[in-house]
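Okay, so here's the structure we're looking at.
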Amino acid sequence: MTRYLISFNDGAMDHIPDEDFPDVGKASHAVVQEAVNAGVWVFGAGLQRQRASVVATDGTVTDGPYPETKEVIGGFMVVDVASREEALTWAAKTAVACRCAQEVRQLMPDPETDAMLRQADRR
């Protein structure tokens, strides 16, 4: 199985009238429940509309994202699926529910972290 990040940009849902947000929330939660039931859901959330803080290697904190950044993430979900095609299917379901386009990116595998998590689950 491979993990994929499915995300949308901050502001991607600005076209949705306020009175439609309860329906959007219900539809998006239905996709989450479907992903949980299918055993592919890892984690996801919407992000508060705010500027990020950037912490440098020396501990210095500055406002972010970088000034040249035009788009920031507004929400995301991580699914663990067998193929990119399956990730694209989940992204399509999410796009319909959230009424906005979704970006799909494969996460790099990290067997060492996976081993740490399995060890922690045994405790």
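Take the sequence shown: its position 15, counting from 1, is numbered 20 in our numbering, and each next residue is one higher.
By construction, the Cβ of each residue, glycine as well, lies at the ideal position given by its N, Cα and C atoms.
Alpha carbon of residue 112 to alpha carbon of residue 103, nearest angstrom: Start at 1 with the first residue of the sequence shown, and residue 112 comes out as number 107. Start at 1 with the first residue of the sequence shown, and residue 103 comes out as number 98. When rounded, the distance between both Cα atoms is 22 Å.
Beta-carbon proximity of residue 52 to residue 30, cut-off 7 Å: Stepping through the sequence shown from its first residue, residue 52 is reached at position 47. Stepping through the sequence shown from its first residue, residue 30 is reached at position 25. With respect to residue 30, residue 52 sits apart: the two C-beta atoms are not nearer than 7 Å.
Residues bridged to residue 80 (per DSSP): Counted from its first residue, the sequence shown places residue 80 at position 75. Paired residue(s): 13 and 51.
Residue 40 versus residue 32: straight-line alpha-carbon distance, rounded: As a working note, residue 40 is residue 35 in the sequence shown. As a working note, residue 32 is residue 27 in the sequence shown. Approximately 13 Å between the Cα atoms of the pair.
Where residue 41 sits in the DSSP three-state scheme: Taking the first residue of the sequence shown as 1, we reach residue 41 at position 36. Helix.
Bounding residues of the beta strand (DSSP E) (the contiguous stretch that carries residue 118): Looking up residue 118 in the sequence shown gives position 113. Unbroken run through residue 118 is the alpha helix (DSSP H), 116 to 126; no beta strand (DSSP E).
Cutoff 7 Å; reference residue 54; Cβ partners in own chain excluding five residues on either side: Residue numbering aside, residue 54 sits at position 49 when the sequence shown is read from its first letter. The beta carbon of residue 54 sits closer than 7 Å to the beta carbons of 15 from its chain, once the five residues preceding and following it are set aside; these are given in chain order.
Within 7 Å, strictly: CB atoms of residue 109 and residue 92: Walking along the sequence shown from the start, residue 109 turns up at place 104. Walking along the sequence shown from the start, residue 92 turns up at place 87. Going by C-beta atoms, residue 109 is nearer than 7 Å to residue 92.
Rounded distance between the beta-carbons of residue 6 and residue 5, thought under 8 Å: Residue 5 lies beyond the stretch modelled for the chain, which goes from 6 to 128, so this question has no answer here.
Of the residues 126, 98, 117 and 115, the one placed nearest residue 34, counting alpha carbons only: Here residue 34 corresponds to residue number 29 of the sequence shown, with the count starting at 1. The shortest C-alpha separation from residue 34 is found at 98.
Distance, residue 127 Cα to residue 90 Cα: Taking the sequence shown and counting its residues from 1, the one referred to as residue 90 is at position 85. Taking the sequence shown and counting its residues from 1, the one referred to as residue 127 is at position 122. Using only the alpha carbons, I get a separation of about 32 Å.
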